[in-house]
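Protein chains: 2
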Amino acid sequence: MPLIVTGSIGIDTIHAPTGNAENVLGGSSIYFAAAASFFGPVRLVGAVGEDFPDRHLETFEHFKLDLAGLERRAGSKTFRWHGKYHENMNSRETLEVDLNVLGEHLPMVPDRYRDSRHVFLANTHPAGQLELLGHFPNRALAVADTMDLWIETERATLMQLLKQIDGLVLNDSEAIMLTEKTHIVRAAEAILDMGPKFVVIKKGEHGALLRHAHGQAVLPAYPTTEVIDPTGAGDSFAGGMMGYLATSGDHSINGLRKAMAYGTMVASYVVEAFSLDRLQQIRRQDIDIRLDEYRKMLHIDG
Amino acid sequence: MPLIVTGSIGIDTIHAPTGNAENVLGGSSIYFAAAASFFGPVRLVGAVGEDFPDRHLETFEHFKLDLAGLERRAGSKTFRWHGKYHENMNSRETLEVDLNVLGEHLPMVPDRYRDSRHVFLANTHPAGQLELLGHFPNRALAVADTMDLWIETERATLMQLLKQIDGLVLNDSEAIMLTEKTHIVRAAEAILDMGPKFVVIKKGEHGALLRHAHGQAVLPAYPTTEVIDPTGAGDSFAGGMMGYLATSGDHSINGLRKAMAYGTMVASYVVEAFSLDRLQQIRRQDIDIRLDEYRKMLHIDG
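Those protein sequences? They're chains A and B, same order as listed.
Quick note: the first sequence uses this note's numbering, first residue 1, plus one each step.
Quick note: the second sequence uses this note's numbering, first residue 1001, plus one each step.
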């Protein structure tokens, strides 16, 4: 079943205690799409500027992304992010951000994408997410990400969006901010009251929590020792999760948990190198091998 | 196989956003012993002062603790701790601490305890832990806890202790402090190089990480919504873990993981009320029911 993602495509410059990367491919929808591509075909809707380097297009081809919805906009520049990770890699600061094409009108959605069944609205202005969602009347599952900025400044629009999506993915501090609860388990409950059938709260190196009308699940992160660059870990987690869901079609709590485990595995690879470098080196088989190891790590004898 | 615990017995006064508790039973060895008692007999070695209330002795009896090693020292006062939890319950401050009897000589260890097979040295001065360890020549498994104070001030003695124990249990910030690593997975590796066969790093609401010569495991905390008082969660986690290990005798990585899951379940009950109140209401069966639920939460279909 076709999976579609809308969101940012960017050029990142990253400083970390583990090294630096200049003008590498980034953006929420790119990490998502690359991660999801291990499970099935991925349609990408997004815009870049005329400055977008050809070498990054080659990366899209590596992941076999469907690029009919990719717009290279004349006269515009690509979104750029410049950030720095602190010593422990758990916090970062944005040194510079240029919205560029992301601050202009939304990209066009090709008509043939109207049949998309699985939709992921990566983080962007909730009004834009709502508008994009309208292009997919045949959707079986729509999931969105959001961020602190929209929770603070666009709460009413975000609330409208929450009533129209099936699932929300966001990080722990955002969940606390959105619900004004002090505890993420309570925050997850409160988010279900806002509309979605399920919410996945990402806790970075501590894993993720799922709250679903029929129960909950908690999964730890894979305990990797190789954290080179955490950029895109959350987006690739969502990509692995949605990629698996689009293939399995199983949206039950068991299906969601397995999908989250796949997301966790892909994210554990992403952080082992800058940008998408590590994902370009692995195959689906590597993800399954690591999932087997992870499953054993979590198995409690009966 | 007999399990023995040495450590502090205290009288706590706790302020939390969820309420207050005055002069309640506390101390690392008490939370440990109560938690372990669900799995088998527990021997307690520790000292209290003549001010120790009889009602707390009744609590010891509820958990059927073997009290031959409990010393009610004439002319001394019981250890007291007075603390306050902050709004999000994840951080606390000590308002007042009176070492009292803990600052005096060590309690006597009854001769008949020499045959103890499973030994837990709850947090205290590492020189005291080393001396106590010497009383158990027939031990099959010795595990210790420690804290930031000893890592800072008694590193050399702590290093001696690490060479003589089988396992270390400590929290994440302590593991980072002990090893000067920036990442707990790396910290866990470094701790194995210091001597123990395994280390369990406690991450509070984020669960625990096990590193063992033969592999690793990660377990999330049980996602409880009822956090009334986190005091003793770490000690009762260790108690549930060691209690199960002492009964099963299985010290393999699979056995340790299951033991950690039991520790996680007991800790999830402890935080649902002040002091040992919740543990006094439950039975072993309740722990097994919650474990079944937790096991399902973690199960990833093959």
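Where a beta carbon is used, it is the ideal one built from N, C-alpha and C, also for glycine.
Proximity test, Cβ basis, 8 Å: residue i and chain A
i, result
"B:V1266", "no"
"B:Q1285", "no"
"B:V1185", "yes"
"B:E1087", "yes"
"B:T1059", "no"
"B:G1134", "no"
"B:P1002", "no"
"B:L1170", "no"
"B:M1242", "no"
"B:V1097", "no"
"B:T1247", "no"
"B:T1006", "no"
"B:K1258", "yes"
"B:M1297", "yes"
Distance between residue j and residue i (C-alpha atoms, nearest Å)
i, j, result
"A:D277", "A:T224", "17 Å"
"B:M1194", "B:V1218", "21 Å"
"A:F237", "A:L168", "13 Å"
"A:N90", "A:I11", "21 Å"
"B:H1125", "B:D1229", "26 Å"
"A:H206", "A:D172", "10 Å"
"A:L99", "A:E58", "23 Å"
"B:V1271", "A:D111", "54 Å"
"A:F79", "A:M242", "24 Å"
"B:S1275", "A:Y244", "44 Å"
"A:I4", "B:G1215", "38 Å"
"B:L1133", "A:G83", "50 Å"
"B:A1144", "A:G302", "27 Å"
"B:G1249", "B:P1137", "18 Å"
"A:N123", "B:D1235", "41 Å"
Residue i, buried or exposed, once every other Cβ within 10 Å from all chains shown has been counted against 16
i, result
"B:P1053", "exposed"
"B:Q1280", "exposed"
"A:Q129", "buried"
"A:V266", "buried"
"B:L1162", "buried"
"B:R1211", "buried"
"A:I289", "exposed"
"B:V1097", "exposed"
"B:D1051", "exposed"
"B:D1292", "exposed"
"A:T94", "exposed"
Range covered by the beta strand (DSSP E) that runs through residue i
i, result
"A:S12", "It should be noted that the sequence gives Asp, not Ser, for residue 12 of chain A. Looking at the DSSP string, the run of the beta strand (DSSP E) that includes A:D12 is 10-16."
"B:R1290", "It is not in any beta strand (DSSP E) - B:R1290 instead sits in the alpha helix (DSSP H) that spans 1284-1298."
"B:I1004", "1003-1006"
"B:L1210", "1208-1212"
Opening and closing residue of the alpha helix (DSSP H) in which residue i lies
i, result
"B:F1032", "1028-1036"
"B:F1237", "1233-1248"
"A:A217", "Element bounds for A:A217: not the alpha helix (DSSP H) but the beta strand (DSSP E), 215-219."
"A:R114", "Here A:R114 belongs to no alpha helix (DSSP H), and DSSP marks it neither H nor E."
"A:V185", "184-192"
"A:Y262", "253-270"
"B:Q1160", "1155-1162"
"A:G128", "126-133"
"B:L1099", "That residue, B:L1099, is in no alpha helix (DSSP H); it is neither H nor E in DSSP."
"A:L279", "277-281"
Counterpart residues of residue i in DSSP-defined beta bridges
i, result
"A:L170", "A:I201"
"B:K1084", "B:H1015, B:E1093"
"A:G46", "A:L70"
"B:H1062", "Bridge partners of B:H1062: none, in fact."
"A:D145", "A:V169"
"A:D301", "Paired residues: none, contrary to the question."
"A:F39", "Note: A:F39 sits in no beta bridge, so no partner."
"A:F120", "A:V5, A:V143"
"A:F79", "A:G10"
Residue-chain proximity (residue i, chain B), Cβ-Cβ < 8 Å
i, result
"A:R73", "no"
"A:A217", "yes"
"A:R92", "no"
"A:G207", "yes"
"A:N23", "no"
"A:P196", "no"
"A:K163", "no"
"A:F261", "Here residue 261 of chain A is Ala; the residue named in the question, Phe, does not match the sequence. Yes, contact with chain B."
"A:V227", "yes"
"A:P220", "yes"
"A:N20", "no"
"A:T13", "no"
"A:M177", "no"
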